[in-house]
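What follows is a short report on a single structure.
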Ligand code: SF4
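Residue numbers (the numbering used here): 97 to 493.
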């Protein structure tokens with residue numbers, strides 16, 4: 097039994113989600129790229145119609161917060177003018193494709209992601225549930241830690257289509273057949289993997305369904321976790337980090353002034369073609385800044401399900417983290433900010449009460465209960481924790 101509400105869908109522009117600070121509107125930029133003018137106009141929308149907070153999401157989208165019904169109407173009118181609005185809310189929800197931000201514009205991965213998005217928004221698209229999505233990678237693979245249901249990876253001249261958590265793949269010799277194969281895999285999933293309108297690939301595979309034609313076993317499950325890229329030089333530009341993946345309109349405009357933007361699933365922004373970071377107040381420059389190893393959800397007061405202001409606590413605790421140690425702070429047991437393990441997972445149970453899970457994720461058993469802020473800070477600063485961080489000595493997933 098959960099003490100939080102599972103929505104089973106992600107917000108969009110046409111179907112915003114109600115939150116503690118008003119409506120949350122998600123902008124799904126095609127292939128995760130924004131021209132500078134588009135980014136500037138989105139920043140203005142956030143300033144004029146929202147509460148000025150913009151989230152960078154783990155699906156490589158932007159989220160405006162704090163809208164009301166009237167301002168939502170104005171915002172989607174503007175997004176339509178920018179070419180950033182889908183035909184309807186169902187098509188928007190199915191166009192759930194994360195493209196590696198390192199993919200060259202109009203290269204094979206770019207065209208593959210476009211083709212999948214086009215097929216998934218067509219009238220005859222498989223009716224996948226709200227959170228079902230695709231990840232289209234580049235060589236070398238960088239999206240291993242990005243949650244998705246169907247993963248496409250370049251292998252030689254062709255593509256490998258892999259179901260999440262599967263021990264088999266389907267091979268495609270070229271981009272056109274990779275797009276068709278990925279959509280066919282989604283159709284195979286939709287025939288048996290959906291219950292009560294929900295479903296994810298990994299849960300379906302646990303039920304041992306009959307495999308689709310062309311499924312080829314691989315020796316071991318396709319690796320899921322890869323170290324996340326850091327702020328700094330990227331193959332096609334410069335990556336900028338922001339605490340908790342949240343930016344202001346001023347910061348977004350400053351980024352847009354430096355070039356076209358690629359949205360990343362690591363909640364960072366990539367400025368195409370940049371060879372150095374532009375001067376933007378509040379960005380996280382150092383790759384080893386502990387704030388980049390902290391995942392903290394919206395928490396209170398923004399989220400109605402939150403028990404505590406976890407972002408304020410995250411700023412207090414970050415300096416106490418051991419070398420390379422990761423921390424996931426969650427306003428409730430739902431764990432929206434991070435899908436996966438962290439060295440330390442802290443879940444709010446009351447405004448100043450927290451449960452602690454070591455080397456696990458939100459659904460694992462807690463080893464500490466009812467800790468307060470001071471107790472958490474002491475625990476992180478303790479020699480035992482520092483020693484354990486040194487022993488672990490690995491990047492967070
Ligand atoms: S994890 Fe955080 S953002 Fe998600 S529902 Fe709970 S409090 Fe809200």
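All residues carry an ideal CB built from backbone N, CA and C; glycine is no exception. These numbers come from a predicted model, not from an experiment.
Three-state secondary structure assigned by DSSP to residue i
{"i": "residue 213", "result": "helix"}
{"i": "residue 162", "result": "strand"}
{"i": "residue 372", "result": "coil"}
{"i": "residue 128", "result": "helix"}
{"i": "residue 133", "result": "helix"}
{"i": "residue 401", "result": "coil"}
{"i": "residue 473", "result": "helix"}
{"i": "residue 489", "result": "Residue confidence is low: residue 489 scores 42 on pLDDT, short of 50, so the model does not pin down where it sits. Its coordinate-derived value is still stated next. DSSP places residue 489 in coil when its eight states are reduced to three."}
{"i": "residue 154", "result": "coil"}
{"i": "residue 450", "result": "strand"}
{"i": "residue 312", "result": "strand"}
{"i": "residue 286", "result": "helix"}
{"i": "residue 186", "result": "helix"}
{"i": "residue 303", "result": "coil"}
{"i": "residue 105", "result": "coil"}
{"i": "residue 296", "result": "coil"}
{"i": "residue 206", "result": "helix"}
CB of residue i within 8 Å of CB of residue j, strictly
{"i": "residue 289", "j": "residue 297", "result": "yes"}
{"i": "residue 275", "j": "residue 212", "result": "yes"}
{"i": "residue 195", "j": "residue 240", "result": "no"}
{"i": "residue 155", "j": "residue 106", "result": "yes"}
{"i": "residue 423", "j": "residue 389", "result": "yes"}
{"i": "residue 161", "j": "residue 341", "result": "no"}
{"i": "residue 336", "j": "residue 326", "result": "no"}
{"i": "residue 259", "j": "residue 234", "result": "no"}
{"i": "residue 349", "j": "residue 139", "result": "yes"}
{"i": "residue 357", "j": "residue 135", "result": "yes"}
{"i": "residue 185", "j": "residue 108", "result": "yes"}
{"i": "residue 324", "j": "residue 362", "result": "yes"}
{"i": "residue 152", "j": "residue 365", "result": "yes"}
{"i": "residue 404", "j": "residue 444", "result": "yes"}
Identity of the residues DSSP links to residue i by a beta bridge
{"i": "residue 349", "result": "Bridge partners of residue 349: none, in fact."}
{"i": "residue 424", "result": "391 and 441"}
{"i": "residue 249", "result": "256"}
{"i": "residue 335", "result": "328 and 366"}
{"i": "residue 115", "result": "118"}
{"i": "residue 230", "result": "193 and 246"}
{"i": "residue 380", "result": "337"}
{"i": "residue 223", "result": "None, per the DSSP bridge assignment."}
{"i": "residue 358", "result": "129 and 366"}
{"i": "residue 264", "result": "313"}
Between the CA atoms of residue j and residue i - distance to the nearest angstrom
{"i": "residue 208", "j": "residue 470", "result": "50 Å"}
{"i": "residue 468", "j": "residue 448", "result": "5 Å"}
{"i": "residue 409", "j": "residue 391", "result": "11 Å"}
{"i": "residue 372", "j": "residue 334", "result": "6 Å"}
{"i": "residue 475", "j": "residue 457", "result": "18 Å"}
{"i": "residue 215", "j": "residue 193", "result": "11 Å"}
{"i": "residue 473", "j": "residue 412", "result": "8 Å"}
{"i": "residue 368", "j": "residue 345", "result": "19 Å"}
{"i": "residue 461", "j": "residue 263", "result": "28 Å"}
{"i": "residue 248", "j": "residue 254", "result": "10 Å"}
{"i": "residue 381", "j": "residue 387", "result": "11 Å"}
{"i": "residue 433", "j": "residue 407", "result": "11 Å"}
{"i": "residue 97", "j": "residue 401", "result": "Only weak support is given to the placement of residue 97: the predicted model assigns it a pLDDT of 44, under 50, and the value that follows is read from those uncertain coordinates. If I take the Cα positions, the gap works out to 15 Å."}
{"i": "residue 272", "j": "residue 435", "result": "31 Å"}
Short CB-CB distance (under 8 Å) between residue i and chain D
{"i": "residue 313", "result": "No chain D appears in this structure, which consists of one protein chain only."}
If we count Cβ pairs, one from each stretch, closer than 8 Å, do we get three or more for the stretch 143-155 versus the stretch 196-205? Cβ pair count under 8 Å is below three, so no.
Does the stretch 212-232 come close enough to the stretch 281-295 to have 3 or more Cβ pairs within less than 8 Å? Segments in contact, yes.
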